[in-house]
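Asker:
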Amino acid sequence: MGHPSKSNSANDPSWDSTIGKAGLGKTGRVINKLVSDNEALKRDIQIERLRAEEAKQAARMVEEKMERLISDYESRLLEANVTKTLLARKERQVESLTAAVELERARSKDALGREKVWRDEVETLRQSSQVQVDEANNHAQLMEGRYNAIASHWKDQGDETMRVVTKMRSEIVDIASERRKDDDKINTLRELCDQQHSNIDELQRQKDEILAQFTTYKREQEDQLRDIKTLTDQREQHMEKLLSESKEALDKLRWALNVKKNVKDAQ
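The numbering of the sequence shown is full-length UniProt numbering, which starts it at 1 and goes up by one.
1. Using alpha carbons as the reference points, say which of R68, L242 and T232 lies closest to K84.
2. Is it buried or exposed, V165, if we count other Cβ atoms within 10 angstroms and call 16 or more buried?
3. Out of V62, L257 and K26, state which residue places its alpha-carbon closest to the alpha-carbon of K247.
4. Quick one: what's got a C-beta closer than 7 Å to H197's C-beta in the same chain, skipping five residues either side?
5. Check whether the Cβ atoms of Q221 and V117 sit closer than 8 Å, and answer yes or no.
6. Assuming R190 and V122 form a contact by the criterion Cβ under 8 Å, report the distance between their Cβ atoms to the nearest whole angstrom.
7. What's the gap between the Cα of S170 and the Cα of Q195?
8. Helix, strand or coil for G25? Go by DSSP, reduced to three states.
9. How would you label A212, buried or exposed, when you count the other beta carbons within 10 angstroms and need 16 or more for buried?
10. Check whether the stretch 204–219 and the stretch 123–141 touch, using three or more Cβ-Cβ pairs below 8 Å as the test.
11. Touching or not, the stretch 199–208 and the stretch 105–113, by the rule of three or more beta carbon pairs under 8 Å?
12. Between N258 and the rest of its own chain, which residues show a CB-CB distance below 6 Å, the 5 nearest in sequence each way excluded?
13. Please say whether A59 and L253 have beta carbons closer to each other than 8 Å?
14. If we ignore side chains and look at the alpha-carbon of each, how far apart do E182 and Q141 end up?
15. From K167 to Q132, what distance separates their C-alpha atoms?
16. Any idea if K6 is buried or exposed, counting beta-carbon neighbours within 10 angstroms, 16 or more meaning buried?
17. Measure the alpha-carbon distance for S75 versus A106 and round it to whole angstroms.
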């Protein structure tokens, strides 16, 4: 008797498979409405879970992107530090070149001073030699005049006079020989001065060449330094902007996740 009741309940329109036997009255409709709302709520919860999972994945992607950006920023920062170190080294090289130029300038000035001293000594020696030659000629003329006077008045003292004249002539020859030696010294000093003047010209040319190279190198280094500083500032500003935007996006995602979590907890 009990079995036919089960088969009849399956075909009974008042039977609900979810809640069992229920009447089709107001209570049954309310229950069916609650069941339908419950199913819809479950679907909404499932959708929200999927959205939350997608948001978590998006947040992980943003965090990974931020980590890559931070790594790239640190790499660029390290590159900038290396560049600054190289710039400091180049600045020291510029200072060394400046010191070398100053040293060459001092050497040139000292060489010019020595050349002036040598020229003054040569001129002094030339004047002194000329005075000695003039004195010797005057003395020879004086002796010759005395000889002529003695020869005209004391012919008997001719031998003595000849000895005196011979001595004077010998002294004149010695003075002339000393004059030639002085001339040789003057020529040697003149050649030395010419050589020193040539060396000074070469030093001046080398100094001008070093100064020109230093000026070109300094200008190139200043241009490179200015370009590197500008590029470094631009990179730092770009990285700061990216970090700020990424942080703002991450904060928004975290806020959204917290809102969804609060909604889920409230439900």
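From the three backbone atoms N, C-alpha and C, an ideal C-beta is built for every residue, glycine too.
These numbers come from a predicted model, not from an experiment.
Answerer: Walking through what the data contain:
1. Working through the sequence shown from its first residue, we reach residue 84 at position 84. For K84, the nearest C-alpha among the options comes from T232.
2. Numbered from 1 along the sequence shown, position 165 holds the residue referred to as residue 165. With 16 or more Cβ atoms within 10 Å of its Cβ, V165 is classed as buried.
3. Here residue 247 corresponds to residue number 247 of the sequence shown, with the count starting at 1. The option with the nearest alpha carbon to K247 is V62.
4. Start at 1 with the first residue of the sequence shown, and residue 197 comes out as number 197. Excluding positions up to five away in sequence, the list reads E115.
5. Within the sequence shown, the letter at position 221 stands for residue 221. Within the sequence shown, the letter at position 117 stands for residue 117. No, these two residues do not count as a Cβ contact at 8 Å.
6. Here the question's residue 190 lines up with position 190 in the sequence shown. Here the question's residue 122 lines up with position 122 in the sequence shown. Yes, R190 and V122 are in contact; Cβ-Cβ is about 6 Å, under 8 Å.
7. In the sequence shown, counting from the first residue as 1, residue 170 sits at position 170. In the sequence shown, counting from the first residue as 1, residue 195 sits at position 195. So the two alpha carbons sit approximately 37 Å from each other.
8. Here the question's residue 25 lines up with position 25 in the sequence shown. In the structure shown, G25 sits in coil (DSSP, three-state: anything other than H, G, I, E or B).
9. Locating residue 212 in the sequence shown gives position 212, counting from the first residue. A212 should be labelled exposed.
10. no
11. yes
12. The count along the sequence shown starts at 1 and reaches residue 258 at position 258. Here the set comprises nothing.
13. Working through the sequence shown from its first residue, we reach residue 253 at position 253. Working through the sequence shown from its first residue, we reach residue 59 at position 59. Yes, the Cβ-Cβ distance between L253 and A59 is below 8 Å.
14. As a first step, residue 182 must be located in the sequence shown, where it is residue number 182. As a first step, residue 141 must be located in the sequence shown, where it is residue number 141. Reading off the sequence shown, one finds Asp at residue 182, where the question assumed Glu. If I take the Cα positions, the gap works out to 22 Å.
15. Residue 167 sits at position 167 when you count from the first residue of the sequence shown. Residue 132 sits at position 132 when you count from the first residue of the sequence shown. The alpha-carbon atoms of K167 and Q132 are separated by roughly 18 Å.
16. Position 6 of the sequence shown, counting from 1, holds the residue named residue 6. The predicted position of K6 is uncertain, since its pLDDT is 40 and thus under 50; no value can be drawn from it.
17. By one-based count along the sequence shown, residue 75 stands at place 75. By one-based count along the sequence shown, residue 106 stands at place 106. Computed Cα separation, rounded: 47 Å.
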